[in-house]
Amino acid sequence: MAEIEVKGLRKIYRVHQKPQGLMGSIRSLFRRRYKMVNAVDGITFGIETGEMVGFLGPNGAGKTTTLKVLSGLIYPTEGEVRVLGYVPWERKNAYRRQFALLMGQKNQLWWDLPASESFRLHKEIYAIEDAQFERVQGTLTELLNVKDLLNQPVRELSLGERMKMELIAALLHSPRILFLDEPTIGLDVVAQASIRRCLREYNRDQKVTVLLTSHYMQDVEALCDRVLVINHGKLIHDGPLADIVKRFARHKVVTLRFHDGAWPQGFDDLGEVVSEQRPKVTLRWPREAVAERAGRLLNRYAIDDITVEDPPIEELIGQVFGSETKPGGAPS
Amino acid sequence: MRKYWVVFRVALAERLVYRADFFISTLLMFIPIITTILLWRAIYDGAGTAEVGGLAYQQMVAYYLFVMITRAFGSMPRLASDISGDIRDGGLRKYLLQPIDYLSYHMALRGAHKLIYWVMATLPYGFVFWLCRGFLPGWPGWSEWPAIAATLMLVFFLGYAMNCLIGLLGFWFLEVASFIHVVMTAQYFLSGHMFPLSLLPDSVRAFVTYLPFAYETYYPTLILLRQLAPDEIQRVLLVQAAWVIVLLLASRVAWRRGLRRYAAYGG
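In the order they appear, the protein sequences are chains A and B. Note that my numbering has the first sequence beginning at 67, numbered continuously upward. Note that my numbering has the second sequence beginning at 12, numbered continuously upward.
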C-alpha cells in the first residue's frame with residue numbers, strides 16, 4: 067500500500083453569499099443564501115515513501131484544501147484517504163507524531179519567546195529523546211545557518227529567519243511525512259534557496275516523504291521529481307515535471323528594458339508583444355528561438371536589461387487545459 | 012503528562028517576559044475597595060445596627076479583602092476571548108496538528124499564570140493585609156487550612172471551566188464578546204463580588220444559589236472568613252466540586268461537537 071493514498075476525494079464548501087448593500091445585510095439576517103463550492107472535485111493519487119511530490123496549480127485550485135484533509139484539519143465530503151494507514155481526520159496521536167504541516171506565513175512558534183524554548187516544548191509534546199533532539203536541532207540549525215539566532219525572541223526575527231525556525235520545528239520530531247503549503251511565499255531569494263536546499267538534503271538523507279504545494283515554478287523545479295497539477299479541484303496531470311514543461315511551456319516570456327533614448331521604431335522584428343510600457347517591452351517567444359533572438363536584439367539595440375522567464379503556471383494551465391475543465395470558482 | 016508540565020514551565024517564562032511594575036499595579040488594585048468600604052461605613056452609620064446582612068462592619072471590610080483573594084484564584088482574564096480568537100483566526104490549527112490536547116494545554120497555561128501571579132503578589136497582598144490586620148480574624152488553625160486550600164483550588168477550576176465553555180461558543184458564534192460581557196456582568200452581581208449575597212431577599216438568594224456564580228466568590232469567601240460551620244463548609248465544597256465536574260464535562264462535549272463542525276468548514 068502506498069504511504070499516502072487518496073481515492074475520489076471531494077470537498078464541497080457551503081459558502082454564505084452575502085448580498086451587497088444595507089438591505090442585503092438586513093435580509094441576510096433572516097434568510098441566508100449559500101453557494102456550494104467544489105474546492106476539491108474527485109482527486110485520486112498515491113504517493114510512495116521518500117517521494118518528493120509537488121502540487122501545482124493556480125490560487126483556488128484546491129491544493130491547500132487537499133493538504134488540510136491529508137493533515138486531518140478538515141474532513142472530506144466524499145472519498146477515501148489513508149496516510150501511513152491512518153485516517154487523518156481521526157487525529158490519532160500516533161498519526162500526529164509522524165507528520166508535520168508547515169504553512170507559509172502562518173506561525174506555530176511562541177511569539178515572545180526564543181525559538182529554542184518553542185523547540186523544547188516540541189521536544190516534550192512529541193516525546194523526543196534527548197540525544198536525538200540535540201542531534202537533529204544541531205544538524206538543522208547548522209544547515210539553515212541560524213545557530214546564533216536560537217535565543218532571540220521569535221518576534222524579533224525577520225520573515226526568512228522565522229520560516230527557517232518554523233521549518234526546524236516541523237522537522238524536530240523526525241516526521242515521516244512533511245506537508246508544505248507555500249513554504250517560500252514572501253521570502254527573499256536567498257532564504258528561498260536556503261530552505262529548498264535544506265528540504266532536498268533532508269529528503270535525500272532521511273527519506274522523508276514530502277508533499278509540497280506552490281504556485282511558484284521554481285519551488286517545484288528545484289525540489290520535485292513528480293508533479294500533480296490541480297485546477298478547479300480536478301487533477302489534470304500526474305507525472306514528472308519535465309513532461310509538463312516540455313509539453314506545455316512552449317514559450318518563454320522575455321522582458322527587455324531599453325536604454326534611455328534607444329526605444330525602437332517598430333516592434334516587427336521583436337516578435338509577439340505581450341505588453342509595452344516604456345522603457346520595457348514584454349514579449350512571448352518560442353523556447354527554441356530565445357537564444358538566437360536575444361543575441362540578435364542585444365546586438366542591434368542598446369538594451370539595459372533582459373529577463374527570460376517561464377510563463378506563469380496560471381497561464382500554462384489555463385491555456386492548455388482551460389478547454390477541458392469547467393470552472394468551479396473554489397477557495398483553496 | 013510530562014508535556015503539560017513543560018507547557019506550564021514555558022508559560023511561566025513567558026509571563027516573566029512582561030515584567031510590568033507588578034508590585035505597584037497590584038497595590039493599586041486595592042484602591043477600588045476603599046470606595047466600597049467608605050460606602051459601607053456610611054451604610055452602617057445610617058443603619059444604626061451592629062450588623063448588616065449578617066456581618067458586622069469589621070467583618071464586612073474583611074469580606075471585601077477576602078473577595079480579592081478568591082477573585083485572584085478564579086479570574087481567568089481573556090481565556091474566553093483567547094479560545095474564541097483561536098477558533099476564529101486559525102490559531103486552533105497548530106493544536107490539531109500536534110499530539111496535544113487543547114483544553115488540557117490551556118489548563119496548564121492558566122495554572123502557570125496563577126502560580127506566577129501568586130509568587131509575585133504575595134508581597135503586596137501581605138502588605139495590605141498587614142495594614143488591615145485589625146479587621147481580619149486571626150490566622151486559621153491547622154484544621155482549617157485543608158478546607159481553605161480546597162475551596163480555593165475549586166475556585167480556580169470553576170473559573171477555568173466556565174470561561175472555557177464560553178470561549179468554546181466560538182465554534183457556533185463568530186463574536187463571543189457579548190456572551191462574555193453578559194456573563195461577567197451576571198457574575199459581578201450574582202457571585203458576591205459586588206456585595207455579600209446575604210443582603211439579597213431570601214427568595215432571590217435561594218434562586219441564586221442554584222447558579223455556579225455564588226460558588227466562585229461568595230461561599231469561598233465565607234470559608235476564608237470562618238463564617239461557616241463545618242457541615243456547611245462540606246456542603247459548599249461538594250457543590251463546588253459538582254459544578255466543576257459538570258462544567259468540565261460540558262466543555263469536553265462542546266469541544267468535540269464544535270470541532271466536528273469546524274472541521275467541516277476548514278481549519
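We treat Cβ as the ideally placed atom computed from N, Cα and C, and that holds for glycine. Keep in mind it's a predicted model, so treat the numbers as computed, not measured.
Asked	Found
At least 3 beta-carbon pairs within less than 8 Å: the segment 243-259 of chain A vs the segment 176-186 of chain A	no
Nonlocal neighbours in the same chain, by C-beta distance under 6 Å from Asp376/A, ignoring five residues either side	Met283, Ala315
Cβ neighbours of Gly112/A in the same chain (closer than 6 Å, five flanking residues each side left out)	Ala68, Glu71
Chain A contact residues for Arg13/B, given Cβ-Cβ distances below 7 Å	Glu190
Collapsed DSSP secondary structure at Gly57/B in the structure displayed	helix
Where the segment 95-109 of chain B meets chain A: residues whose CB sits under 8 Å from a CB there	Gly101, Arg104, Lys105, Leu107, Leu108, Gln109
Collapsed DSSP secondary structure at Gln174/A in the structure displayed	coil
For Pro241/B, three-class secondary structure by DSSP	helix
Whole-angstrom C-beta distance between Arg242/A and Thr275/A, which should lie under 8 Å	6 Å
Distance, Gly299/A Cα to Thr391/A Cα	Because Thr391/A sits at a pLDDT of 42, beneath the cut-off of 50, its placement in the model cannot be relied upon, and the point is left open.
Beta-carbon separation (whole angstroms), Val78/B vs Thr232/B, contact threshold 8 Å	5 Å
Integer Cβ distance of Phe224/B from Ser202/B, believed to fall under 8 Å	4 Å
Status (buried if at least 16 other CB within 10 Å, exposed otherwise) for His281/A	buried
Trp153/B (DSSP reduced to helix, strand or coil)	helix
Start-to-end residues for the beta strand (DSSP E) that takes in Ala105/A	99-113
Of the residues Asp242/B, Leu260/B, Tyr15/B, Ala83/B, the one placed nearest Met131/B, counting alpha carbons only	Ala83/B
Contact set between Ile111/B and chain A, taken where Cβ atoms lie within less than 8 Å	Ile191
Environment of Glu195/A [buried if 16+ CB atoms lie within 10 Å]	exposed
Inter-residue CB distance, Phe121/A and Leu294/A (contact presumed, cutoff 8 Å)	5 Å
Residue-chain proximity (Gly305/A, chain B), Cβ-Cβ < 9 Å	no
Bounding residues of the alpha helix (DSSP H) (the contiguous stretch that carries Ala64/A)	Within the shown structure, residues of chain A are numbered from 67 to 398, placing residue 64/A beyond reach of any answer.
Three-state secondary structure (DSSP) of Pro135/B	helix
Three-state secondary structure assigned by DSSP to Val274/A	coil
Beta-carbon neighbours of Asn159/A, restricted to chain B and to distances below 8 Å	Pro110
Exposure label - Val18/B; buried when at least 16 CB within 10 Å	buried
Where the alpha helix (DSSP H) containing Leu225/A begins and where it ends	225-237
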